[in-house]
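The numbering of the first sequence is the numbering used here, which starts it at 3 and goes up by one. The next block holds one structure in the form of structure tokens; read it before the comments.
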Amino acid sequence: MYKDTNCGEPREDTVGSVITVAGWVNRRRDHGNLIFIDLRDRTGLLQVVFNPEHGENAHDLAQSLRSEWVVQVTGKIVARLPGAENPDLPTGGVELSVTDLVVLNQSLTPPFEISDDVEVEANTRLKYRFIDLRRPRMQEILKLRHRVTHIMWDYLTKQGFTQVETPILIKSTPEGARDYVVPSRVHPGDFYALPQSPQQLKQLLMVSGVERYFQIARCFRDEDLRADRQPEHTQLDFEMSFVHQDDVMAIVEDLYTRIVKETTPDAVINGPFVRLTYAESMDRFGTDKPDIRFGMELTTITATAATSDARVFQAVASSGGAIRGFVAPDCGGYGRKQTDNLTEFAKSSGAQGLVFIALDESAPSIEGLEDDHIKSPLKKFLSLDVIKKMAMEMGAEPGDLMLIVAGTSKLVNTVLSNLRNEMAKRLEMVDPKNLAFSWVYDFPLFEWDEDLKKYEPAHHVFSAPKAEHMEYLDSDPGKVIGTLWDLVCNGSEMGSGSIRIHDKDLQTRLFNIIGYSKDQISDRFGQLLTAFTYGAPPHGGMGLGLDRFVAILAGEEAIREVIAFPKTQSAFDPLFDAPSQIEDEQLEDLHIRVVMPKK
RNA sequence: GGUCCCGUGGUGUAGUGGUCUAACACGCCUCCCUGUCAAGGAGGAGAUCGUCAGUUCAAAUCUGAUCGGGAUCGCCA
3 MYKDTNCGEP REDTVGSVIT VAGWVNRRRD HGNLIFIDLR DRTGLLQVVF NPEHGENAHD
63 LAQSLRSEWV VQVTGKIVAR LPGAENPDLP TGGVELSVTD LVVLNQSLTP PFEISDDVEV
123 EANTRLKYRF IDLRRPRMQE ILKLRHRVTH IMWDYLTKQG FTQVETPILI KSTPEGARDY
183 VVPSRVHPGD FYALPQSPQQ LKQLLMVSGV ERYFQIARCF RDEDLRADRQ PEHTQLDFEM
243 SFVHQDDVMA IVEDLYTRIV KETTPDAVIN GPFVRLTYAE SMDRFGTDKP DIRFGMELTT
303 ITATAATSDA RVFQAVASSG GAIRGFVAPD CGGYGRKQTD NLTEFAKSSG AQGLVFIALD
363 ESAPSIEGLE DDHIKSPLKK FLSLDVIKKM AMEMGAEPGD LMLIVAGTSK LVNTVLSNLR
423 NEMAKRLEMV DPKNLAFSWV YDFPLFEWDE DLKKYEPAHH VFSAPKAEHM EYLDSDPGKV
483 IGTLWDLVCN GSEMGSGSIR IHDKDLQTRL FNIIGYSKDQ ISDRFGQLLT AFTYGAPPHG
543 GMGLGLDRFV AILAGEEAIR EVIAFPKTQS AFDPLFDAPS QIEDEQLEDL HIRVVMPKK
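Here's what the structure looks like:
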């Protein structure tokens with residue numbers, strides 16, 4: 003070993019001991035005859051002092067030291083001079099008085115400072131990710147992520163789960179996202195696909211009798227990126243036999259609560275997790291991933307609004323649309339600029355417009371509202387009675403701002419849920435330390451796809467319909483509720499699970515409903531259907547996004563921050579310059595010809 | 001595919017038609033300095049303002065295109 007002690011370890015009780023440490027020069031303070039170096043390794047910082055009286059050669063050499071050089075130093079741990087202690091460092095009571103210095107490696111001046119409080123452009127950070135990861139914050143996140151997966155391994159092992167690896171080179175079964183694809187050399191013209199998730203594999207493992215499987219599994223999707231989406235992400239994937247919905251939820255709830263408590267003691271986690279049906283969640287929050295840390299729940303006022311003279315409202319109501327809104331408390335004093343800004347925001351989410359009704363705080367009550375208490379672009383179309391009625395339905399008080407959107411119910415929900423989150427952010431209604439988990443369950447099995455004019459699986463095709471809804475499978479598939487749920491935290495989807503179908507005939511019926519042909523079914527799902535004919539146990543499980551979970555624990559918005567080597571929004575890796583062209587010989591081996599797109 | 005924001009020494013920012021021969025902080029280099037810890041002091045180097053085209057007597061600044069980054073809708077678990 004190049005060191006017998008870590009930089010973060012020495013304390014007052016080891017004063018007098020002679021130690022050797024090794025690490026990076028974090029900072030240098032050169033006083034001429036006295037040189038201080040903060041030496042950094044994974045455990046922390048240690049001040050080392052070069053004093054010619056204790057090591058002349060070392061002192062001479064130390065004059066050449068620069069940031070990020072890698073050095074090994076030997077010396078004696080001494081107590082700091084009274085008054086020279088540094089209370090900000092755990093090792094701040096002592097320092098290393100150096101007798102010997104070995105330069106293990108020099109370093110160029112790093113492209114940016116290794117410090118948490120320097121914000122560097124994303125591209126530069128990724129190009130020099132190996133340096134970026136030296137920052138204490140990034141080291142902390144890497145360790146946090148490790149601890150999370152460690153607890154998962156430990157906990158699930160104790161619960162009788164077996165970790166099984168599944169292939170990365172598998173078959174393209176296009177459903178949902180676009181596949182990443184790998185050409186085969188041995189089979190000209192054929193391709194593997196990288197798994198979007200190990201869904202079929204884990205179900206096969208249930209048929210194999212594993213009963214309790216888990217994997218920290220890499221999943222790939224060739225879709226456009228977002229702050230919370232990378233081309234490859236990691237999920238805690240698990241599956242259990244002989245379980246019902248509550249059994250699966252109980253495992254996750256216990257596991258996630260433990261992880262939060264053990265890794266992020268400052269966080270305030272709710273328990274037990276809130277349970278909402280999909281229908282209730284859509285009704286109250288307009289989304290299936292509600293942030294339940296604040297109120298401002300949505301109200302439907304279609305009937306009342308339709309009685310007004312506002313043509314927008316009448317038109318929407320008569321065409322079967324929805325008029326909904328929520329109350330932003332104490333925002334009745336918003337000026338033109340602020341309301342314009344909100345309208346702009348609503349439009350960016352797809353709204354035609356945003357109707358607001360500001361209620362002046364000087365109004366004695368809702369009943370006592372007078373005409374000049376009200377500000378609204380639709381004021382002349384809304385009678386005082388209608389406004390009062392809408393305010394009462396929505397629970398508005400004098401001084402509040404009512405925000406209303408009209409349109410198809412899907413659009414209204416999208417706009418209002420985005421707007422609700424935005425208002426919470428602007429009004430600083432959320433404490434970032436607060437982790438509010440909820441289970442959203444009873445999802446519909448299918449969604450009508452307006453473009454394709456057919457039903458699409460709301461989650462995936464393997465979820466079991468509720469027994470009591472079987473009768474609607476053929477008559478009205480949109481009505482069928484599945485044994486299907488999501489885990490949601492702070493408005494972000496953390497994972498989804500279901501009780502799966504384990505019956506060949508039922509699974510085939512589902513495939514038929516979403517319009518798969520016989521050939522497509524046997525091509526993509528033949529192996530699973532065959533397996534179901536050999537004694538498949540009832541089973542269910544979940545896939546839980548690890549990156550999002552760690553990001554929430556770390557208080558980061560983008561999962562990029564919790565992935566060691568992430569890609570940019572255009573799925574590019576500036577560190578390796580990937581993707582890149584390959585040699586002609588490689589293409590030839592793979593029987594591939596490249597056709598560039600026309601400009 | 002759409003919309004929006006950003007791109008100025010190594011890093012982060014200021015400058016939004018002429019006074020820019022581009023400013024500031026940090027970093028970097030040289031010298032001085034034995035108690036600093038975001039050390040201090042003195043001096044110095046370093047940028048054709050992402051790229052290309054255009055408007056103009058004059059462009060970092062205006063326009064268009066393009067490239068790159070980010071946010072978001074579509075898309076996507």
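Quick reminder that beta carbons are idealized off the backbone N, C-alpha and C, glycines included. Given the structure is predicted, the values throughout are model-derived calculations rather than measurements.
Expected contact under 8 Å - CB spacing of residue i and residue j to nearest Å
i, j, result
"residue 517", "residue 456", "5 Å"
"residue 401", "residue 361", "6 Å"
"residue 315", "residue 305", "Not a contact, Cβ separation roughly 10 Å."
"residue 490", "residue 291", "5 Å"
"residue 41", "residue 50", "5 Å"
"residue 444", "residue 280", "5 Å"
"residue 96", "residue 116", "About 23 Å separates the two Cβ atoms, so there is no contact after all."
"residue 247", "residue 221", "Actually they are not in contact, since the Cβ atoms of residue 247 and residue 221 sit about 23 Å apart, beyond 8 Å."
"residue 437", "residue 270", "7 Å"
"residue 185", "residue 592", "4 Å"
"residue 371", "residue 327", "So it is not a contact: roughly 17 Å between Cβ atoms."
"residue 265", "residue 512", "39 Å between Cβ atoms; not a contact."
"residue 87", "residue 94", "5 Å"
Residues bridged to residue i (per DSSP)
i, result
"residue 328", "405"
"residue 541", "243"
"residue 216", "165 and 240"
"residue 459", "448"
"residue 494", "491"
"residue 76", "22 and 102"
"residue 81", "96"
"residue 440", "276 and 490"
"residue 184", "194"
"residue 370", "Paired residues: none, contrary to the question."
"residue 499", "487 and 544"
"residue 382", "According to DSSP, which records beta bridges pairwise, residue 382 is partnered with nothing at all."
"residue 377", "360"
Per-residue DSSP class, three states only, for residue i
i, result
"residue 199", "coil"
"residue 597", "coil"
"residue 571", "coil"
"residue 469", "helix"
"residue 252", "helix"
"residue 234", "strand"
"residue 223", "coil"
"residue 415", "helix"
"residue 426", "helix"
"residue 580", "strand"
"residue 261", "helix"
"residue 432", "coil"
"residue 107", "strand"
"residue 270", "strand"
Start and end residues, alpha helix (DSSP H) containing residue i
i, result
"residue 514", "506–515"
"residue 277", "Not the alpha helix (DSSP H): residue 277 falls in the beta strand (DSSP E), residues 276–279."
"residue 388", "386–396"
"residue 477", "474–477"
"residue 587", "586–592"
Next item on the list: List in chain order: all unbroken beta strand (DSSP E) runs of 3+ residues lying wholly within the segment 119–180.
Entry: none
Practice task
Would you list, in sequence order, the uninterrupted beta strand (DSSP E) runs of no fewer than 3 residues that lie entirely inside the segment 284–364?
Solution key: Complete beta strand (DSSP E) runs here, min 3: 324–330 and 357–361.
Legend entry - Length-filtered (3 minimum) beta strand (DSSP E) runs lying within the segment 3–75: Runs found: 20–32, 37–43 and 46–52.
May I have a chain-ordered list of the alpha helix (DSSP H) segments no shorter than 4 residues that lie completely inside the segment 520–566?
520–534 and 548–556
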